[in-house]
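K.L.:
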Amino acid sequence: MLMYMNMKDLKPRLANFYIRFLTWTKGNWPFLVIIFIALVFFYPVLFQKRIPLPTDALVGAHIPWTETVWEGYPAGVPIKNQEITDAISQFYPWRSLAGEFWRAGKVPLWNFYMFNGTPFLATLHSAVLYPLNFIYLLFRDENAWSILVFLQIVLSGIFTYILLRSFKLRKEASILGGLAFAFSGYMIAWLEFTTGGHAGLWLPLLLYFERRLILSKDFRYFFVLPLTFFMIFTAGDFQVPLYITLTYFMFGIYEVIFEKDVDIHRFKKLVLIFLAFLLGVLLAAPQLLPTIELFSVSVRVGDPYIKQYFYGLMDWEKITNFIWPDFFGNIVTRNYWGKYGFHEYLSYVGIIPLVLVFYSLFLKKLNTEKFFWLLLLLSLLFLFPTPLAFLPYKLKVPGLGTSSASRIIFLTDFCLAVLSAYGFDKWLSTKNRLFLKVLVYFMAINLGIGLGLLINILIMNKPLDVPFPVLANLKVSLKNMIPQALILSFMTLILLFSFKVEKIVKNKKILKSIIFITSLSIIILTSLDLLRFSLKNTPFGPLRFLYPSTKTIDFLQKQTQPFRIAGGMPTNLFMQYKFFSGEGYDPIYPFRNSEWYSIVDWGNTTNLSGRYGLIHYFTSPL
-15 MLMYMNMKDL KPRLANFYIR FLTWTKGNWP FLVIIFIALV FFYPVLFQKR
35 IPLPTDALVG AHIPWTETVW EGYPAGVPIK NQEITDAISQ FYPWRSLAGE
85 FWRAGKVPLW NFYMFNGTPF LATLHSAVLY PLNFIYLLFR DENAWSILVF
135 LQIVLSGIFT YILLRSFKLR KEASILGGLA FAFSGYMIAW LEFTTGGHAG
185 LWLPLLLYFE RRLILSKDFR YFFVLPLTFF MIFTAGDFQV PLYITLTYFM
235 FGIYEVIFEK DVDIHRFKKL VLIFLAFLLG VLLAAPQLLP TIELFSVSVR
285 VGDPYIKQYF YGLMDWEKIT NFIWPDFFGN IVTRNYWGKY GFHEYLSYVG
335 IIPLVLVFYS LFLKKLNTEK FFWLLLLLSL LFLFPTPLAF LPYKLKVPGL
385 GTSSASRIIF LTDFCLAVLS AYGFDKWLST KNRLFLKVLV YFMAINLGIG
435 LGLLINILIM NKPLDVPFPV LANLKVSLKN MIPQALILSF MTLILLFSFK
485 VEKIVKNKKI LKSIIFITSL SIIILTSLDL LRFSLKNTPF GPLRFLYPST
535 KTIDFLQKQT QPFRIAGGMP TNLFMQYKFF SGEGYDPIYP FRNSEWYSIV
585 DWGNTTNLSG RYGLIHYFTS PL
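Note that our numbering gives residue 107 to position 123 of the sequence shown, counting from 1, and the numbers run on in steps of one.
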């Protein structure tokens, strides 16, 4: 009888829970969409015992691991992406060490393992004060790392969605913008470094809070802005926080001046914007002050490496990266034939979002939208080799004068994501056939360049004196244009079908369903496009290759401490095994260490080392 009564009471409770769940889902389904697509991206972690880290490069390219024959790889472990090995040599070991300090109840001030001892908190890239590192208190290092990487995708998408909704854009358009930013070229390129992307994910939330402060009388937004700045300044990157700060002030000034809904106290709003930033700087002072001091006495000030890479500026020919990310091949498939690196210049946001950006360009601009067009133009002027782009290097602007210009792709991609959402929202409002025309223009460009490449390939296949690499490179470009051509074709067919049905059918419910299916198709095609792009460029290495042991490592671990090693193991990788070394790799390690290396190797202080502090003269009396 009691069981019967409990079951009887349970039914209305379940029904009530079901109703509440449906109500919650109806209002929050966009968040679930973003989380679901992020989970699809992370399927190797969820189902294949992998980690978002190039562990294949660890055992496949570095001594002493290459001396071991790993099960299943008799000829050696193949490497997917060899350009992001900093993830295993810097960022993962540093996060693990920071977690170890915090779990022991100690502040991570000093790294005992590198450079015979070196500042740890001050190096910035260690991100020891970043609040999201709290997950290292709850999980094992490898799980905490995976969660940290996952959070970048999810939070950047959700925060962008929230910002776009505050611009009164539709949910579908805001989802598209969120996905375009979360899986954009910059965010994927730096995903496994957990620094620049984590600093960048807070930009949309920062702008949301700033706009709410400007438009509303709710003073709470003033207090959350400094907290957001603290997240940005402690995330482990320098350039992205600088770009975010400049964007914050430009956006605030623009909104205060041009937004009609701002009350009469415009000057007070500007003062609040500045004070919120100042409070954020004060909160982050425990990170910023040591970093500034270390930077001023580091090797980075005089390191000329950036000149060797054209200051990181994007060649004009690489404008193709925005349409065809693999036009010049891909480092992953070992057919990259472009200039300089591949990883630094990833800038893709999806072909459909890019079409929507151009669609929006030909329509009337909304007030806030104009700001992002101006910001996009400004970022492009500093990205490509224009006279303006060389100014930071000619004027030797602190920080920027020694950094790669390509990092501004972060702002470029963010603007493209926002503008694509505006374009999508305008199409949902008007169903303007101009969208179809822009699609056709993009298809014509794709077809024209594709035919040009094909004709050249056919000509070169004849017995002419043409170098083989040229022919091979053209074939790579032609092949790598196919994915975007297919997506454009599918989208064109869907729109043609939609417009055809609208002419024939007059039933409003059916028309509404057709519009919903079309908008859903845009989101699905964009998701598939971005997932293909992201999975291709992101290595998910086997967990069993996460700093495994070898005979050499076993031997060293049995030796009596303390002792230091030099050579025989790449810089910083020894940290995971608790080995101490006089060597190390850090862009801002102390300059005096570089002088010491020069004395050890050459007997003078004129042959200074750069980012890599290595010992070559092992028999030196020093």
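Glycine included, C-beta positions come from ideal geometry on N, C-alpha and C. The model shown is predicted, which means the values in this text are computed figures rather than measured ones.
Please return the same chain residues whose Cβ sits closer than 6 Å to the Cβ of residue 340, not counting the five positions on each side in sequence.
P.N.:
404, 407, 408.
K.L.:
Do residue 534 and residue 156 come within 8 Å of each other at the CB atom, strictly closer than that value?
P.N.:
Taking 8 Å as the Cβ cut-off, residue 156 and residue 534 do not qualify as a contacting pair.
K.L.:
Once you ignore the five residues that flank residue 133 on each side, which residues in its own chain have a CB closer than 7 Å to its CB?
P.N.:
Excluding residues within five positions, the ones whose Cβ falls inside 7 Å are 36, 175, 176, 178.
K.L.:
Kindly list the residues whose CB is nearer than 7 Å to the CB of residue 206, restricted to its own chain and excluding five residues on each side of it in sequence; keep chain order.
P.N.:
Same-chain partners within the cutoff: 197, 256, 260.
K.L.:
Give the single residue among 172, 15, 539 whose Cα lies nearest to the Cα of residue 158.
P.N.:
Among 172, 15, 539, the Cα nearest to that of residue 158 is on 15.
K.L.:
From residue 392 to residue 595, what distance separates their C-alpha atoms?
P.N.:
Between residue 392 and residue 595, the C-alpha separation is close to 22 Å.
K.L.:
Only counting the same chain, and skipping five residues up and downstream in sequence, which positions put a Cβ closer than 7 Å to that of residue 442?
P.N.:
Result list for residue 442: empty, nothing under 7 Å.
K.L.:
Alpha carbon to alpha carbon, how far is residue 144 from residue 396? Give it in angstroms, no decimals.
P.N.:
Rounded to the nearest angstrom, the two C-alpha atoms are 14 Å apart.
K.L.:
Go through the segment 478 to 556 residue by residue and report every complete run of the alpha helix (DSSP H) that reaches 4 residues or more, in order.
P.N.:
Listed in chain order, the complete alpha helix (DSSP H) runs (minimum 4 residues) inside the segment 478 to 556 are 492 to 521, 535 to 541.
K.L.:
Measuring alpha carbon to alpha carbon, tell me which of 92, 100, 88, 267 ends up nearest residue 110.
P.N.:
For residue 110, the nearest C-alpha among the options comes from 92.
K.L.:
Exposed or buried, what is residue -15 when buried is set at 16 or more other beta-carbons lying within 10 Å of its beta-carbon?
P.N.:
Summary for residue -15: the model assigns pLDDT 46, below 50, so the residue's position carries little reliability; its value from the coordinates is reported in the next sentence. When all chains shown are included, residue -15 counts as exposed.
K.L.:
Rounded to whole angstroms, how far is the Cβ of residue 390 from the Cβ of residue 572, which I believe are closer than 8 Å?
P.N.:
No, residue 390 and residue 572 are not in contact; Cβ-Cβ is about 19 Å, not under 8 Å.
K.L.:
On the DSSP letters alone, give me the boundaries of the alpha helix (DSSP H) that residue 215 sits inside.
P.N.:
Segment 204 to 217, the alpha helix (DSSP H) holding residue 215.
K.L.:
When the Cα of residue 387 is compared with those of 310, 223, 424, which residue comes out closest?
P.N.:
Among 310, 223, 424, the Cα nearest to that of residue 387 is on 223.
K.L.:
For residue 574, does the three-state DSSP call read helix, strand or coil?
P.N.:
Strand.
K.L.:
DSSP beta-bridge partners for residue 569?
P.N.:
According to DSSP, which records beta bridges pairwise, residue 569 is partnered with 596.
K.L.:
So who's on the other strand from residue 35, going by DSSP bridges?
P.N.:
Beta-bridge pairing links residue 35 to 525.
K.L.:
Give the DSSP-derived three-state secondary structure of residue 387 in the structure shown.
P.N.:
Residue 387 falls in the coil class under three-state DSSP.
K.L.:
According to DSSP, simplified to helix, strand and coil, what is residue 102?
P.N.:
Looking at residue 102 - three-state DSSP - the assignment turns out to be strand.
K.L.:
Leaving aside the five residues before and after residue 585 along the sequence, list all residues of the same chain whose C-beta is less than 8 Å from its C-beta, in chain order.
P.N.:
Counting only Cβ-Cβ distances below 8 Å, and skipping sequence neighbours, we find 591, 599, 600, 601, 604.
K.L.:
When you compare the CB positions of residue 106 and residue 218, do they come within less than 8 Å of one another, or not?
P.N.:
Cβ distance not < 8 Å, so residue 106 and residue 218 don't count as in contact.
K.L.:
Go ahead and label residue 614 buried or exposed: buried means 16 or more other beta carbons lie within 10 angstroms of its beta carbon, across all protein chains shown.
P.N.:
This structure cannot speak to residue 614, because the chain is shown only from -15 to 606.
K.L.:
Buried or exposed for residue 410, going by 16 or more other Cβ atoms inside 10 Å?
P.N.:
Buried, because 16 or more other Cβ atoms sit within 10 Å of the Cβ of residue 410.
K.L.:
Compute the distance between the beta-carbons of residue 171 and residue 161, then report whether it is under 8 Å.
P.N.:
Their beta carbons are not under 8 Å apart, which means residue 171 does not touch residue 161 by this criterion.
K.L.:
Residue 313: buried (16+ other C-beta within 10 angstroms of its C-beta) or exposed?
P.N.:
When all chains shown are included, residue 313 counts as buried.
K.L.:
Cβ atoms of residue 558 and residue 565: under 8 Å apart, would you say?
P.N.:
Contact flag set, yes.
K.L.:
Find out if the Cβ-Cβ distance for the pair residue 137, residue 22 is shorter than 8 Å.
P.N.:
Contact: yes.
K.L.:
Quick one, are the C-beta atoms of residue 165 and residue 200 less than 8 Å apart?
P.N.:
Against a cut-off of 8 Å, the Cβ pair of residue 200 and residue 165 comes out as no contact.
K.L.:
Report the partner residues of residue 293 according to the DSSP bridge assignment.
P.N.:
Residue 293 pairs with nothing; no bridge assigned.
K.L.:
Is the separation between the beta-carbon of residue 228 and that of residue 183 shorter than 8 Å?
P.N.:
In contact: residue 228 and residue 183 (Cβ atoms closer than 8 Å).
K.L.:
With 16 other CB atoms within 10 Å as the buried threshold, where does residue 129 fall?
P.N.:
Buried: at least 16 other Cβ atoms inside 10 Å.
K.L.:
What first and last residue would you give for the alpha helix (DSSP H) that runs through residue 182?
P.N.:
From DSSP, the alpha helix (DSSP H) with residue 182 extends over 180 to 184.
K.L.:
Residue 164 lies in the alpha helix (DSSP H); which residues open and close that run?
P.N.:
Element bounds for residue 164: 155 to 166.
K.L.:
From residue 608 to residue 346, what does the alpha carbon distance come to, in whole angstroms?
P.N.:
Any question about residue 608 goes unanswered here, given that the chain covers just -15 to 606.
K.L.:
So within the segment 36 to 124, which uninterrupted beta strand (DSSP E) runs reach at least 3 residues, ignoring any that extend past its ends?
P.N.:
Entirely contained in the segment 36 to 124, not one beta strand (DSSP E) run reaches 3 residues.
K.L.:
What whole-angstrom Cβ distance do residue 423 and residue 472 have, given they're in contact under 8 Å?
P.N.:
Indeed they touch by this definition, with Cβ atoms about 6 Å apart.
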